[in-house]
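Protein chains in written order, with the working numbering: chain Y, 1 to 519; chain Z, 1 to 463; chain P, 1 to 100. Glycine is no exception: its CB is placed at the ideal position from the N, C-alpha and C atoms. Quick caveat: nothing in here was measured; it's all calculated off a predicted structure. To start, the structure under review is shown below, and the notes come after it.
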Amino acid sequence: MSAPTVVPGGEAPAGGWETVIGLEVHVQLKTRTKMFCGCSSVFGDPPNTNVCPVCLGLPGALPAPNEQALRLAVRAAYGLGLTVHPRSIFARKNYFYPDLPKGYQISQHVEPLSTGGRLEIESPDRGPLTVGITRIHLEEDAAKSFHDKVPGMTAVDFNRSGVPLIEIVGEPDLRSPAEARAYLTALKQVLVYLEVSDCSMEEGSLRVDANVSVRPAGNAELRTRCEIKNLNSFANVERALVFERDRHIAVYVSGGTIEQRTMTFDAAKGEVRPVRSKEESHDYRYFPEPDIPPLVLTEAWLAAERGALPELPAAKRARFEKQHGLTRYEAGVLTAEREQADLYEMAVAKGGSPKSVATWMMNEVDRLQAVYKRVSSPEIARLTPRLSSAEVFVTAVAAVSQSVETGDLNRQGGRQLLEEIAAKPERLVESLAAGAPRAIAASLAKPLGILQISDAGEIEGWVREVLDVHAAQVARYKGGEEKLYGFLVGQVMKRSKGRADPKLVNAALVRVLKGTPGG
Amino acid sequence: MSDRRALAALTARRIRELEDGGAHAFVEWSEAALLAQADAPASPAGGALAGETVAVKDNICDLTFRTTCCSRILEGWRSPFEATAVRRLRDAGALVAGKTNCDEFGMGSSTEFSCHGPTVNPCDSARVPGGSSGGSAAAVASGAVSMALGSETGGSVRQPAAFCGVVGIKPTYGRVSRYGLVAFGSSLDQIGTFGRDVEGAARLLAVISGRDPFDATSLDRDPLPPPGPAPVSLAGTVIGIPREYFGEGLHAGVAAGMRRAMDRLRALGAELRDVSLLHTKYAVPTYYIVAPAEASSNLARYDGVRYGRRVGEGAADVRALYRATRGSGFGPEVRRRILLGTYVLSAGFYDAYYGKAQGARERIGGDFTAVFAGGVHAVFTPTTPTPAFKLGENLSDPVAMYLSDIYVCTANLAGVPALSLPIGRDQGLPLGGQLIGPMEGEAEIIRIGQALEAVVGGAEEVR
Amino acid sequence: MAVTREQIQHIAALAELAVDDAAAAELERQLTRILDYVRQLEELDTGDTRVADERVAPLRRDEVVADRLDRPARDFGAAMRQGLFVVPRLGELGGGDQEP
Chain Y
1 MSAPTVVPGG EAPAGGWETV IGLEVHVQLK TRTKMFCGCS SVFGDPPNTN VCPVCLGLPG
61 ALPAPNEQAL RLAVRAAYGL GLTVHPRSIF ARKNYFYPDL PKGYQISQHV EPLSTGGRLE
121 IESPDRGPLT VGITRIHLEE DAAKSFHDKV PGMTAVDFNR SGVPLIEIVG EPDLRSPAEA
181 RAYLTALKQV LVYLEVSDCS MEEGSLRVDA NVSVRPAGNA ELRTRCEIKN LNSFANVERA
241 LVFERDRHIA VYVSGGTIEQ RTMTFDAAKG EVRPVRSKEE SHDYRYFPEP DIPPLVLTEA
301 WLAAERGALP ELPAAKRARF EKQHGLTRYE AGVLTAEREQ ADLYEMAVAK GGSPKSVATW
361 MMNEVDRLQA VYKRVSSPEI ARLTPRLSSA EVFVTAVAAV SQSVETGDLN RQGGRQLLEE
421 IAAKPERLVE SLAAGAPRAI AASLAKPLGI LQISDAGEIE GWVREVLDVH AAQVARYKGG
481 EEKLYGFLVG QVMKRSKGRA DPKLVNAALV RVLKGTPGG
Chain Z
1 MSDRRALAAL TARRIRELED GGAHAFVEWS EAALLAQADA PASPAGGALA GETVAVKDNI
61 CDLTFRTTCC SRILEGWRSP FEATAVRRLR DAGALVAGKT NCDEFGMGSS TEFSCHGPTV
121 NPCDSARVPG GSSGGSAAAV ASGAVSMALG SETGGSVRQP AAFCGVVGIK PTYGRVSRYG
181 LVAFGSSLDQ IGTFGRDVEG AARLLAVISG RDPFDATSLD RDPLPPPGPA PVSLAGTVIG
241 IPREYFGEGL HAGVAAGMRR AMDRLRALGA ELRDVSLLHT KYAVPTYYIV APAEASSNLA
301 RYDGVRYGRR VGEGAADVRA LYRATRGSGF GPEVRRRILL GTYVLSAGFY DAYYGKAQGA
361 RERIGGDFTA VFAGGVHAVF TPTTPTPAFK LGENLSDPVA MYLSDIYVCT ANLAGVPALS
421 LPIGRDQGLP LGGQLIGPME GEAEIIRIGQ ALEAVVGGAE EVR
Chain P
1 MAVTREQIQH IAALAELAVD DAAAAELERQ LTRILDYVRQ LEELDTGDTR VADERVAPLR
61 RDEVVADRLD RPARDFGAAM RQGLFVVPRL GELGGGDQEP
């Protein structure tokens, strides 16, 4: 790790100690085939079935680099602000391990694909923070080893051998375990947005090696760090870093020194312990891969990739705030996942008001998911061959949002309408013919009898009836029992079968009560 | 076709005679396999290799026989895929006769480092056939087969071709796909061809050449055209004679053979020009850094986990398994080179050795580029410093063995094509003359080779 | 400059090759001899020759190509259980570079 400048405002040091954390993240790229052969890279197939001479390291096999892996790696690099080098080379990293079929991994060492980027995150300790990214390079994955399947043996599945990876090396700019977790969350969001990877730690498509050391607050010099591997969730990354940080501090406080070790995290015990009994010197004997000429990317190709980059989360969030008049919080929720952000904007484009659509999408997640599921089914898709399920879905969202916004339905009516659509999505399809979202909603709502009643006269009539029938409660209310107001409102709503416009009911009730004795 | 069957039966008879006579050129062959190939649906009529029988070096993968690279560590290994070159020659109608003996993993210059013991030189059974492709050279020299595939990293086709009195061609690096050639020194390796004459070796080369998507280092070129008729004149052809290959102390027989061949070239109308390939003396030391370094990495896959020999089933842990398997599976020369290669790549030594060697390689290649840019069509040199040496002669000092590659390894380091053809005999032992061409200049050296071959009297005594 | 016994043991360990004492003694001599021989390259001034490799790697389309083996991996004759290749446990070795 290079020596970082001391970042002011870092995590409040535990008794005067500052934590320094750098993360190396390995991400599997979402390609159909492996990095150097045409084997399927899909996860979950029976063991040792997606294999060939190349990914098994058979005598005579040779690597053939995957174009799409290169494209996704470049996309990730641009998305994280790195400089992509038009010329880069593969290198052999030589070491022995059962999951490494050739006895070396094809990776990149000097002259990597990209260097010098950054990721903006929201640090829980210090607010907006820029975290440096040293480099992103391409390499191949190793096979998957199992130590507990066969007693006394290590068992290996080569389906994973050769799957394309990018290694994302972060600068040691992180100052707390919580900050490290925030970095990972932000990194995953960007990579998923870019459709570069699924970034699932459970499936192994995202792996983290965490490097941590501590130093007295205010010191610029870095002390010995330890590397923690075998971390299987963001939460465990944070837990492991907390444990290891505390261990380092305890050792220094008691006058000891930290030995550079590779550590593993035991999730069951919540402990970090050494993985090797003595530190073996990692002499990888890197040299340029003689089986693959240099990777050369033309400026035209790079420009096309730059141009095709989707809008990144931070930019989308800022734009949502500005363009759609949303709060930072609302924009954050709606842009957390790209698919949802896209659906939101489609709904707005269909005619929903931005604020209203936002409210519905944020507050009615379950009902909307039910609608989405039904609308995406093959039977419904068949009914709307010229429309995607997304388009049908956002029409429903826009319809409900508009009708509530204009007062055709009240909120409860809106919810009922969503439930109706989920129950009978064919009706939604029929009502698409009505055209504008409000008209669609009206055509759906009418037979349900849920359209809101906004006739002031009708409402006043019910109010007078209620005050008449419940004179006793009225008297008690006027005598000081404020909470009976709600009861009276409820009675009016009941008479209207829930369809009266609550604002008008309120206005009428207040007016009529004023006009009666004691009001 | 009964023609193919007759050829298969005849080939089987010849191989049997050869092997019964103690040649030990083949490590695996069978009459049944030959007949089965003959009976299989024939390739399209007029396949370029119809009527040819081809022996394949044991470090090239095929589907019929085992591929052991003459090493204990690959004992019994049947490759589940075949080399692109083998597929192409079969598709062209050739019969694959069997797998031939070689130095283990291609590491050696005499075939004495085969785990099966050496092949003998068909011209003198007390002498080596050369290496590492000694078995293929002997198989062609004896007449058992008409052609053979070998491989080169540092001259392993041309040197045995010279020792056995046949033609051997190493193509431009990348000309022939390495997919299915068991890797030794990846930046140097190429499959090469043996033939009784230049035309045969060139025709086989043409068939197996051409781009291959499975080999990222293969040249983006169509296959070479087949050789044309031998030219009768070399008027207008300029042939460079590099002084560094003709130093004092050159073996008298070799010197005589070269003088005689150069006279014939002049008689054909060629202009012979004195040239300099200044960095020639650094070729062997450069080679013995680059090749072992790459080999140490290429041979790391032989660990007993997925295929091949596994020693130490009851081993305490996997490291013990590796060490026992590799320790007992590799012969002494392979082990020497793996250790040497590991050493030169290890921390602190990379720049001084591998880094330096890459720079030297640039210089050696630069020498050739400059000479060819000066109007020379090909360079003519002895293939080897001496005729075939005796079995056991060079085993005590590894460097002595390495020095037999002194004239051939320059072409591997530079990546340029080179051809060896018989230019005469010295006391019954074959002598080889080497033509080295510019990058992608196979046509040039084949053409000149054919012209020379027609007039040089390759089986005649030179003094 | 001689290659020492210690160096032999170190590189043998890096190369995962068992080398007994007798072999190690011989290798000391032979490797020293070879390294002395190749060291003559030092007299060559290669300066800052950055090897100029003008080639461009061809790129493969991302499409599945199956059936590149004439028989399944389980028929290679290696030790297998439950469809997985097995080796003795790692013992002191711990995790590889890409674990989990």
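| Item | Value |
| --- | --- |
| Short-range partners of chain Z found in the stretch 94–111 of chain Y, where Cβ spacing is below 7 Å | Asn94, Phe96, Pro98, Pro101, Lys102, Gly103 and Tyr104 |
| Buried versus exposed call for Gln467/Y [16 or more other C-beta atoms within 10 Å across all chains shown] | Per the sequence shown, the amino acid found at residue 467/Y is Leu instead of Gln. By the neighbour-count rule (16 or more Cβ atoms within 10 Å), Leu467/Y is buried. |
| Endpoints, the beta strand (DSSP E) within which Phe26/Z is located | Phe26 to Trp29 |
| Residue-level contact to chain P via CB, Pro285/Z, 7 Å cutoff | yes |
| Amino acids of chain P, ordered along the chain, whose beta-carbon sits closer than 9 Å to that of Pro290/Y | Those within 9 Å of Pro290/Y in chain P number zero; the least Cβ separation is about 10 Å. |
| DSSP bridge partner residues for Asp209/Y (one or two, in chain order) | Glu24/Y |
| Contact set between Leu241/Y and chain P, taken where Cβ atoms lie within less than 8 Å | By Cβ distance, chain P contributes nothing, its closest Cβ being about 17 Å from Leu241/Y, past 8 Å. |
| Chain Z contacts made by the stretch 45–71 of chain Y, where a contact means CB separation under 9 Å | Cys52, Pro53, Val54, Leu56, Gly57, Leu58, Pro59, Gly60, Ala61, Leu62, Pro63, Ala64 and Pro65 |
| Asn394/Z, DSSP secondary structure in three states | coil |
| is_contact[Cys115/Z, chain Y] using C-beta, thresh 7 Å | no |
| Secondary structure of Gly135/Z, DSSP reduced to three states | helix |
| Stretch-stretch touch, CB-based, cutoff 8 Å, three pairs: the stretch 135–154 of chain Y with the stretch 78–93 of chain P | yes |
| Partner residues on chain P for Val464/Z, Cβ-Cβ distance less than 7 Å | An answer regarding residue 464/Z cannot be provided, because it is not within the stretch 1 to 463 covered by chain Z. |
| Element boundaries [alpha helix (DSSP H), containing Phe105/Z] | Phe105/Z -> no alpha helix (DSSP H), and no H or E assigned at all. |
| CB contact below 7 Å: Leu68/P versus chain Z | Inspection of the sequence shows that residue 68/P is occupied by Arg rather than by Leu. Yes - at least one Cβ of chain Z is within 7 Å of the one on Arg68/P. |
| Cα-Cα separation, Leu58/Y to Val305/Z | 11 Å |
| Cβ neighbour criterion (16 or more within 10 Å) applied to Gly228/Z | exposed |
| Reference Thr359/Y; option with closest CA among Leu504/Y, Lys34/Y and Ala331/Y | Ala331/Y |
| Sequence-distant residues of the same chain with beta carbon closer than 6 Å to Asn394/Z, five excluded per side | Ala400 and Met401 |
| Proximity winner among Pro290/Y, Tyr284/Y, Thr224/Y and Leu297/Y, relative to Arg261/Y (alpha-carbon distances) | Thr224/Y |
| CB contact flag (Thr53/Z, Ala97/Z, <7 Å) | yes |
| Inter-stretch contact at 8 Å, needing at least 3 Cβ pairs: the stretch 15–27 of chain P / the stretch 332–344 of chain Z | yes |
| Integer Cβ distance of Glu179/Y from Asp125/Y, believed to fall under 8 Å | 6 Å |
| Assigned exposure category for Leu80/Y - 16 Cβ within 10 Å defines buried | buried |
| Test: Val19/P CB closer than 7 Å to a CB of chain Y | no |
| Cβ contact (3+ pairs, closer than 8 Å) linking the stretch 52–66 of chain P and the stretch 63–71 of chain Y | yes |
| Chain Y within 7 Å of Leu181/Z, Cβ atoms only | yes |
| Unbroken beta strand (DSSP E) run spanning Glu139/Y, endpoints | Gly127 to Glu140 |
| One or two residues paired with Asn94/Y in a DSSP bridge | Tyr104/Y |
| Pick from Ile60/Z, Gly143/Z and Pro122/Z that is closest to Ser151/Z, judged by C-alpha positions | Ile60/Z |
| Exposure label - His147/Y; buried when at least 16 CB within 10 Å | exposed |
| Cβ shell of Arg328/Y (< 8 Å), same chain only, five flanking positions each side left out | Arg317 and Glu321 |
| CB contact below 7 Å: Gly282/Z versus chain P | Correcting the residue type first, residue 282/Z is Tyr in the shown sequence and not Gly. With 7 Å as the cut-off, Tyr282/Z counts as an interface residue toward chain P. |
| Per DSSP, cross-strand counterpart(s) of Leu10/Z | None; Leu10/Z has no bridge partner. |
| Cβ contact (3+ pairs, closer than 8 Å) linking the stretch 272–282 of chain Z and the stretch 348–367 of chain Z | yes |
| Beta carbon of Glu120/Y nearer than 7 Å to that of Ala314/Y | yes |
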